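Below: one structure, written as structure tokens.
There are 2 protein chains.
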Amino acid sequence: MRVTQAGEYALLGVLYLARQPVGQLTMIDQISEAEKIPKSFLAKIFQSLTHAGLVKSRQGAKGGFALSRKAEDISVLNVLEAIEGKLALQRCLEEVPDCERRDNCTLCAVFGEVQNKVNEVFSRTSVRDLMKPKDAVVRQVQQIAQVKSVN
Amino acid sequence: MRVTQAGEYALLGVLYLARQPVGQLTMIDQISEAEKIPKSFLAKIFQSLTHAGLVKSRQGAKGGFALSRKAEDISVLNVLEAIEGKLALQRCLEEVPDCERRDNCTLCAVFGEVQNKVNEVFSRTSVRDLMKPKDAVVRQVQQIAQVKSVN
DNA sequence: TTTAATTAAGAGTAAATTTATCCGATTTAC
DNA sequence: GTAAATCGGATAAATTTACTCTTAATTAAA
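Protein chains in written order, with the working numbering: chain A, 182 to 332; chain B, 182 to 332.
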């Protein structure tokens, strides 16, 4: 039950871009080195981020990547879903669920509720938030988690 | 970011045992058939459950499995951890974490908080709870999730 | 206009993990 | 003793994850 390595790398990459001056293009090489992420793997990951519209790229000399919108408008969930697709803690929660029990399965229900919470935290936490001091982030996440979900 | 198939099978298996009369031994064959789980895989899974002390087994003719304690004293987390080990949404949250950033990583902090919530729901939801009507379970889980964590 | 730098795209592969099966050993009831 | 069941170890098959490579397209600057 783990986020993929690619998902984590994506978050680190986006976070790195968020720390650069706005409008500045940053090369994969630089991010790869700074964050100790295999270059070619990171390149692949950034392709997905570009397709998802989270970062914009420019090819050729002096090319590179930059966030395509403000860091506060990119959620952790945006980044994770760009890489992994819709999060699903369990088969039943997949976009095309393949669970026969389906209707009366309390197991699916429990996982479903947990999934809702997880999504809520990740969608209400922005890349900008990740730049705050650690304890501030922790406080914020705790607050989000306690709020009654809107379903 | 998904629970393993084995973990889900384990929950279904334990839930099945919970529905049987107390003290009655149930064979793998029966559970496997009822829940449509490959027999030899389920057998393996039940070995783990036995080792974890969640179910007791008896070998030989008329052997089988039964819960080793009351369904209300077995949490969803107990079952999942018996199969998957400690849950970890991310590398940093592993029992032996291998994250260099470690100290000031807000990413780890966010995942850590989410993990706390997840664990809280799973540990406060018992196998007995899974036998209740679906909407009762949903309500209960929502309530657990809203409560401030104790850290 | 040529060249060097850089991303895009996609095929390919290696390693790890998960899922599943098999089989001989062991235990137990009868 | 024999049949019925789990135990345990090995391993095979499938899937996912992690990563590499190659070729092409694009761009800036010499």
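C-beta: ideal position from N, C-alpha, C; glycine also.
Treat the numbers as computed from the prediction; the structure is a model and nothing was measured.
Which same chain residues, not among the five before or five after residue i, have their C-beta less than 8 Å away from its C-beta?
i: LEU261 (chain B); result: VAL184, GLY188, ALA191, LEU192, LEU268 and PHE303
i: GLU265 (chain B); result: VAL184, THR185, ALA187 and GLY188
i: GLY244 (chain A); result: LEU206, MET208 and SER238
i: PHE222 (chain B); result: ALA187 and TYR190
i: ILE325 (chain A); result: GLU301, VAL302, ARG305 and THR306
i: GLU276 (chain A); result: GLY266, LYS267 and ALA269
So, using beta-carbon positions, are residue i and residue j closer together than 8 Å?
i: LEU230 (chain A); j: ALA199 (chain A); result: no
i: LEU258 (chain B); j: VAL195 (chain B); result: no
i: LYS217 (chain A); j: ASP210 (chain A); result: no
i: VAL291 (chain B); j: GLU294 (chain A); result: no
i: LYS329 (chain A); j: GLN327 (chain B); result: yes
i: MET312 (chain A); j: MET182 (chain B); result: no
i: LYS298 (chain A); j: LYS298 (chain B); result: yes
According to DSSP, simplified to helix, strand and coil, what is residue i?
i: GLY188 (chain B); result: helix
i: GLY293 (chain B); result: helix
i: LYS225 (chain A); result: helix
i: LEU268 (chain B); result: coil
i: LEU353 (chain B); result: Outside the displayed range of chain B (182 to 332) lies residue 353 (chain B), so it cannot be described from this structure.
i: LYS220 (chain A); result: helix
i: ALA317 (chain B); result: helix
i: MET312 (chain B); result: helix
i: GLN201 (chain B); result: coil
i: LYS298 (chain B); result: helix
i: GLU214 (chain A); result: helix
i: PRO194 (chain A); result: As written in the sequence, residue 194 (chain A) is Gly, which differs from the Pro given in the question. GLY194 (chain A): helix per DSSP, three-state reduction.
i: CYS286 (chain A); result: coil
Who are the near neighbours of residue i in its chain, counting only those whose CB is closer than 7 Å to its CB and skipping five residues on each side?
i: ILE255 (chain A); result: VAL195, LEU235, LEU248, SER307 and VAL308
i: ASP316 (chain B); result: none
i: ASN300 (chain B); result: LEU258 and LEU268
i: GLN201 (chain A); result: THR207
Counting only the same chain and skipping the five closest in sequence on each side, list residues whose C-beta sits under 6 Å from that of residue i.
i: GLN296 (chain B); result: LEU270 and LEU274
i: ALA224 (chain B); result: ILE209
i: GLU150 (chain A); result: Residue numbering for chain A in the displayed model covers 182 to 332; residue 150 (chain A) lies beyond these limits and cannot be assessed.
What residues are listed by DSSP as bridge partners for residue i?
i: ARG239 (chain A); result: A:GLY245
i: THR207 (chain A); result: A:PHE246
i: SER307 (chain A); result: A:SER256
Sorry if obvious, but does the Cβ on residue i come closer than 7 Å to a heavy atom of the ligand PLP?
i: LEU274 (chain A); result: The ligand PLP is absent from the structure shown, which contains no ligand whatsoever.
(request) Could you name the residues of the region 291–311 of chain B whose beta carbon sits closer than 9 Å to any beta carbon of chain A, in the order they occur along the chain? (result) With the criterion set as a beta carbon lying under 9 Å from some beta carbon of chain A, the members of the region 291–311 of chain B are VAL291, PHE292, GLY293, GLU294, VAL295, ASN297, LYS298, VAL299, VAL302, PHE303, THR306, ASP310 and LEU311, in sequence order.
(message) Which residues of the region 243–263 of chain A have a Cβ closer than 9 Å to any Cβ of chain B? Give them in chain order.
(response) Interface annotation for the region 243–263 of chain A against chain B: VAL257 and LEU261, criterion Cβ-Cβ distance under 9 Å.
(request) Check distances from the C-beta atoms of the region 191–214 of chain B to those of chain A and list, in chain order, the residues that come in under 9 Å. (result) Going along the region 191–214 of chain B in chain order, one finds LEU192, LEU193 and LEU196 with a Cβ nearer than 9 Å to chain A.
(request) Below 8 Å between beta carbons is the criterion; list the residues of the region 216–229 of chain A that meet it against any residue of chain B, in chain order. (result) Within the region 216–229 of chain A, the qualifying residues are LYS217.
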